[in-house]
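These protein sequences, in sequence, are chains F and C. Residue 340 is where the first sequence ends in our numbering, and the numbering goes up by one at each step. Residue 660 is where the second sequence ends in our numbering, and the numbering goes up by one at each step. Each residue gets a CB set at the ideal place from its N, CA and C atoms; glycine is no exception. Heads up, the thing below is written out as C-alpha cells.
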Amino acid sequence: MNTHTTLVRLCLAAVALAASAIPVKASVTISGSGATFPAPLYLRWASDFKKTAPDATVNYQGVGSGAGVKDFLSGLTDFGASDVAMSDAEIAKAGGNVLLLPATAGTIVLAYNIPGIEAGLKLSRDAYIGILLGTVKTWNDPLIAKNNADLKLPNLPITVVSRSDGSGTTAVFTSHLDAVSADFKTKVGSGKSVTWPVGVAGKGNDGVTALIKQTPGAIGYVEFGYAANNKLTAAALQNKAGNFITPTIESGATTLASVNLPENFRAFITDPEGANDYPIATFTWLLVKKNYASADKAAAVKAFVTYGLTTGQTVAPELGYITLPDSVAKKVLAALETVK
Amino acid sequence: MGVTSIPVGSQRPIIREYRPRTDFFKGACLLASLATVLLLAFILGEILINAWPAIHKFGFGFITGVQWSPNREVFGVLPVLIGTAASSFLALLLALPLGLAIALFLSEDFLPGPIRQVIRFVIELLAAIPSVVYGLWGIFVVVPLVQQYGAILADKLGFLPIFQGPAYGNSLLTASLVLALMVLPTITAISRAALVAVPYPLREGAYALGSTRWETILRVILPTAASGIVAASILAFGRAMGETMAVAMLIGNSQRLSSSLLAPSNTLSALLANQFAEADGIQVNALMYAAALLVLMTLAVNMVGEAILRYTQKSTAGLR
Numbered sequence: 001m002n003t004h005t006t007l008v009r010l011c012l013a014a015v016a017l018a019a020s021a022i023p024v025k026a027s028v029t030i031s032g033s034g035a036t037f038p039a040p041l042y043l044r045w046a047s048d049f050k051k052t053a054p055d056a057t058v059n060y061q062g063v064g065s066g067a068g069v070k071d072f073l074s075g076l077t078d079f080g081a082s083d084v085a086m087s088d089a090e091i092a093k094a095g096g097n098v099l100l101l102p103a104t105a106g107t108i109v110l111a112y113n114i115p116g117i118e119a120g121l122k123l124s125r126d127a128y129i130g131i132l133l134g135t136v137k138t139w140n141d142p143l144i145a146k147n148n149a150d151l152k153l154p155n156l157p158i159t160v161v162s163r164s165d166g167s168g169t170t171a172v173f174t175s176h177l178d179a180v181s182a183d184f185k186t187k188v189g190s191g192k193s194v195t196w197p198v199g200v201a202g203k204g205n206d207g208v209t210a211l212i213k214q215t216p217g218a219i220g221y222v223e224f225g226y227a228a229n230n231k232l233t234a235a236a237l238q239n240k241a242g243n244f245i246t247p248t249i250e251s252g253a254t255t256l257a258s259v260n261l262p263e264n265f266r267a268f269i270t271d272p273e274g275a276n277d278y279p280i281a282t283f284t285w286l287l288v289k290k291n292y293a294s295a296d297k298a299a300a301v302k303a304f305v306t307y308g309l310t311t312g313q314t315v316a317p318e319l320g321y322i323t324l325p326d327s328v329a330k331k332v333l334a335a336l337e338t339v340k
Numbered sequence: 341m342g343v344t345s346i347p348v349g350s351q352r353p354i355i356r357e358y359r360p361r362t363d364f365f366k367g368a369c370l371l372a373s374l375a376t377v378l379l380l381a382f383i384l385g386e387i388l389i390n391a392w393p394a395i396h397k398f399g400f401g402f403i404t405g406v407q408w409s410p411n412r413e414v415f416g417v418l419p420v421l422i423g424t425a426a427s428s429f430l431a432l433l434l435a436l437p438l439g440l441a442i443a444l445f446l447s448e449d450f451l452p453g454p455i456r457q458v459i460r461f462v463i464e465l466l467a468a469i470p471s472v473v474y475g476l477w478g479i480f481v482v483v484p485l486v487q488q489y490g491a492i493l494a495d496k497l498g499f500l501p502i503f504q505g506p507a508y509g510n511s512l513l514t515a516s517l518v519l520a521l522m523v524l525p526t527i528t529a530i531s532r533a534a535l536v537a538v539p540y541p542l543r544e545g546a547y548a549l550g551s552t553r554w555e556t557i558l559r560v561i562l563p564t565a566a567s568g569i570v571a572a573s574i575l576a577f578g579r580a581m582g583e584t585m586a587v588a589m590l591i592g593n594s595q596r597l598s599s600s601l602l603a604p605s606n607t608l609s610a611l612l613a614n615q616f617a618e619a620d621g622i623q624v625n626a627l628m629y630a631a632a633l634l635v636l637m638t639l640a641v642n643m644v645g646e647a648i649l650r651y652t653q654k655s656t657a658g659l660r
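Structure follows, in C-alpha cells:
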C-alpha cells in the first residue's frame with residue numbers, strides 16, 4: 001500500500017515535471033514514417049509520450065527507410081526515420097533543411113537453426129564470409145568446426161536466408177561484410193538490395209525469421225530485437241580484434257561507446273576495433289527539419305524527440321535496442337535545441 | 341374464357357407510338373465501356389512512361405540479362421521471366437489432369453446429383469480462399485514436405501538437371517504445387533460447364549452405336565468440350581502468372597538462374613511486390629520495365645489462347 005502511494009506520487013511528479021518541461025500547445029498531431037527496424041520502439045515512445053503530453057499525438061508508420069526518406073522529402077511527414085541516415089544528394093534535395101539525429105541503435109545478428117545445437121556457435125570471419133558467399137556448404141565444414149570443438153556439428157547443408165525486399169538492415173549488414181572481405185566486395189557489394197550468391201530470401205525481418213525457424217540448417221541476418229523476441233539463437237561473431245563476441249545489449253553498447261560521432265551525426269560502424277565490440281552495429285536516425293512552418297509542430301517534434309532521447313532510452317533494452325551512450329544523447333539533444 | 345372482353349374502340353391503344361429520342365441507356369453503356377478501355381490504356385501508358393528510362397538504358401539486355409543487383413544498378417530479368425513461365429506451366433501441368441478428371445466425374449452420372457453438388461461446391465470454395473492463406477498453408481505444410489522428399493529426389497535423381505541438389509523447401513516446385521491447387525477451381529468449374537454443355541443426343545448417339553462409357557467420354561464428349569477445356573487452361577495459366585502473395589511467400593525469391601525445380605526462383609509479380617516499396621532511382625524504372633513485361637506475357641498468353649480456342653471451335657463445329 002505504502003509503496004503503491006509512493007509510486008503514484010512519483011508518477012504524478014514525473015508527469016508534472018514533463019508537462020512543465022514540454023510546452024506543447026493545444027492538440028497537435030505530428031506524423032512520421034520510415035525504418036521498420038526501430039518501429040516498435042518509436043510506437044512505444046509515441047504511446048508513452050501521449051501520457052505525458054495528452055495534447056500531442058504522434059503517428060509513426062514503419063514503411064521502410066527508403067520510403068521514409070521519400071515521404072519526408074516530399075513533405076508528407078513531419079519527421080522521418082532511416083537506418084541509413086540520408087545521402088548527401090538527399091540532404092541537398094531537402095535544401096539542407098534537415099537534421100539527422102541518432103535516436104537509438106541496434107545490432108544485426110546471424111541467427112541459425114541447427115537441430116541439436118541450442119547455443120554456443122562461434123563463427124570466425126572466414127567462416128561467415130564463406131557461408132554467405134556459398135563456399136562453405138555444410139555445417140560440419142572444417143572452417144566452422146575449427147572454432148567449435150565443443151559442438152557436434154551435423155553434416156547438414158547450410159541454407160542462407162536473406163532479405164528479398166530493399167532494406168536498411170541489408171545495407172548495414174553488407175557494408176560490414178564489404179569492410180571485412182575484399183572477396184565479398186567484388187562478388188556482392190553493399191546496398192539496400194543485393195544479389196546473394198546462395199540461399200533463399202524472405203520479405204522483412206519477420207519473413208527472414210520465419211524462414212530460419214522453419215528450415216533446419218538455416219542461417220540468416222535479422223535485427224537483434226527480432227531474434228530475441230522470436231527466440232532465435234544467434235552466433236557469436238569474431239570481431240576485428242579476433243575475439244568471439246556474443247550479441248547482447250551490453251556488447252552492442254560497448255561497440256557504440258567507442259564510436260566517434262562527426263558533426264552531422266552520420267557515422268556508419270562498418271568494422272569496430274575494440275576488443276569486446278560486437279562487430280555489426282548501427283545507429284538509426286530520426287530525420288527532423290531545422291525550420292518548421294508551424295511553431296506548434298516544431299514544439300511537438302522537439303518535445304517528442306526529447307522524450308525519446310531521455311525517458312525513452314530506458315525502455316530501449318527491453319525491446320532489444322541499445323540505449324544511446326550518454327555523451328551521444330547529450331550531443332543530439334543540443335542539436336535538437338536548434339530546431340525552430 | 342375468363343378474359344373480360346373490352347369493347348373495341350372504347351379505349352386508347354395500349355402500345356404507344358414509337359418516337360425516336362435520346363437513348364440515355366445506350367449512352368451510359370458506351371461511356372462505361374469506353375472508360376474501361378481508357379483505364380487500361382492509362383495504366384499501360386503510366387507503366388511505359390515510368391519504364392522508359394530503364395527501357396532506354398538497358399534495352400533488350402534487360403530481358404537477356406541474368407543478374408539483378410540493384411546496388412550495382414545491374415538489372416536483368418531472364419531468371420525471373422523463366423521462373424514466371426516455369427512456375428505457371430508446372431502448376432498447369434499438375435492441375436489440368438486433376439481438374440479435368442474432377443470435372444468429368446462431376447458432369448457424368450457416377451454419383452447421385454446432391455453429392456456431386458456438394459463436391460462441386462467444395463472445389464469452387466477453394467477459389468474463395470485468400471492468397472495469403474494459401475501462402476501460410478504452403479509454409480507450414482508444403483515446404484516441409486518438399487524439403488523432406490526433395491532431398492530424397494535430389495539424392496536419387498540428382499543427375500537430372502531438374503532435380504539437381506541441394507533441395508530447398510522454398511523452391512519453384514513448392515510454389516508450383518500451391519499454385520496448382522489455387523488454379524484447380526478455375527479449371528474444374530469451366531471444364532465442367534463445357535462438359536455439361538455437350539448436347540445429350542451426342543451421348544445417346546454414341547451409346548446407340550455401341551460405345552462403352554469410356555469410349556463415349558474419350559472419343560465424343562472430351563473432343564466436343566475441347567474449346568471450353570482449353571479456355572479453362574488458359575485462364576488458369578493467366579491466374580498462375582499473376583499470382584503474387586502466395587508465390588512471394590513460397591518461391592524463395594532468388595534471382596539466380598537454375599535448372600532445378602528444387603532451387604529457389606522468383607516470378608515477376610513476386611519481384612515487384614518485394615522490391616517496389618524500397619526502390620528508388622533507376623530501380624523503380626527497372627521494376628516498371630518488369631511490370632510491362634508481365635503485362636506483355638499475359639497478353640501473349642491470352643492471344644495464343646484465343647487462337648487455340650478459335651481453331652478448336654472450328655474443328656469441332658460439325659459435332660454441335
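query: Euclidean distance between Cα positions of residue 204 (chain F) and residue 170 (chain F); result: 10 Å
query: 6 Å Cβ shell around residue 46 (chain F) - same chain, five flanking residues per side excluded; result: 58, 60
query: Reduced DSSP secondary structure (H/G/I, E/B, other) of residue 532 (chain C); result: helix
query: C-alpha distance - residue 156 (chain F) paired with residue 138 (chain F), whole-angstrom precision; result: 5 Å
query: Local conformation of residue 163 (chain F) per DSSP, three classes; result: strand
query: DSSP three-state assignment for residue 484 (chain C), whether helix, strand or coil; result: helix
query: 7 Å Cβ cutoff, residue 109 (chain F) in contact with chain C; result: no
query: Helix, strand or coil at residue 59 (chain F) [DSSP, three-state]; result: strand
query: Limits of the unbroken alpha helix (DSSP H) element including residue 90 (chain F); result: 88 to 93
query: Given 8 Å, three or more beta-carbon pairs between the segment 397 to 406 of chain C and the segment 379 to 386 of chain C; result: no
query: Residue nearest to residue 406 (chain C) in terms of C-alpha spacing, selected from C:485, C:612, C:423, C:555; result: C:423
query: Closer than 8 Å at the beta carbon, the chain F residues around residue 479 (chain C); result: 210, 214
query: Residue 101 (chain F), enclosing beta strand (DSSP E) - first and last residue; result: 99 to 113
query: Short CB-CB distance (under 7 Å) between residue 419 (chain C) and chain F; result: no
query: Burial state of residue 354 (chain C), where buried means 16 or more other Cβ atoms lie within 10 Å; result: exposed
query: Own chain, CB closer than 7 Å to residue 148 (chain F), minus 5 neighbours either side, in chain order; result: 121, 122
query: Given 8 Å, three or more beta-carbon pairs between the segment 91 to 109 of chain F and the segment 280 to 296 of chain F; result: yes
query: Residues of the segment 85 to 100 of chain F whose Cβ lies closer than 7 Å to any Cβ of chain C, in chain order; result: none
query: Beta-ladder partner(s) of residue 240 (chain F), from DSSP; result: BP columns for residue 240 (chain F) are empty, so no partner.
query: Contact test: residue 525 (chain C) Cβ vs the ligand FMN heavy atom, cutoff 6 Å; result: This structure simply doesn't include the ligand FMN, nor any ligand for that matter.
query: Close-in-space but distant-in-sequence residues of the same chain around residue 255 (chain F) (CB under 6 Å, 5 per side omitted); result: 272, 277, 278, 281
query: Integer Cβ distance of residue 411 (chain C) from residue 242 (chain F), believed to fall under 8 Å; result: Actually they are not in contact, since the Cβ atoms of residue 411 (chain C) and residue 242 (chain F) sit about 29 Å apart, beyond 8 Å.
query: Cβ of residue 474 (chain C) within 7 Å of any chain F Cβ; result: no
query: Whether residue 236 (chain F) touches residue 248 (chain F) by CB criterion (7 Å); result: no
query: Given 8 Å, three or more beta-carbon pairs between the segment 509 to 525 of chain C and the segment 573 to 585 of chain C; result: yes
query: Within 7 Å of chain F by C-beta, residues of the segment 613 to 642 of chain C in sequence order; result: 614, 615, 617, 618, 619, 620
query: Buried versus exposed, by CB contacts within 10 Å (16 or more), residue 643 (chain C); result: exposed
query: N-terminal and C-terminal residue of the alpha helix (DSSP H) that residue 587 (chain C) is part of; result: 585 to 590
query: Residue 415 (chain C) - partner residues in DSSP beta bridges; result: C:408
query: 6 Å Cβ shell around residue 197 (chain F) - same chain, five flanking residues per side excluded; result: 133, 134
query: is_contact[residue 54 (chain F), chain C] using C-beta, thresh 7 Å; result: no
query: Residue 259 (chain F) in three-state terms, based on DSSP; result: coil
query: Beta-ladder partner(s) of residue 122 (chain F), from DSSP; result: F:236
query: Residue 161 (chain F) to residue 332 (chain F) span [Cα, whole Å]; result: 36 Å
query: The segment 25 to 36 of chain F contacting the segment 296 to 307 of chain F, beta-carbon criterion three pairs below 8 Å; result: yes
query: Proximity of residue 346 (chain F) and residue 35 (chain F) at Cβ, strictly below 7 Å; result: With chain F covering 1 to 340 only, the question about residue 346 (chain F) has no answer from this structure.
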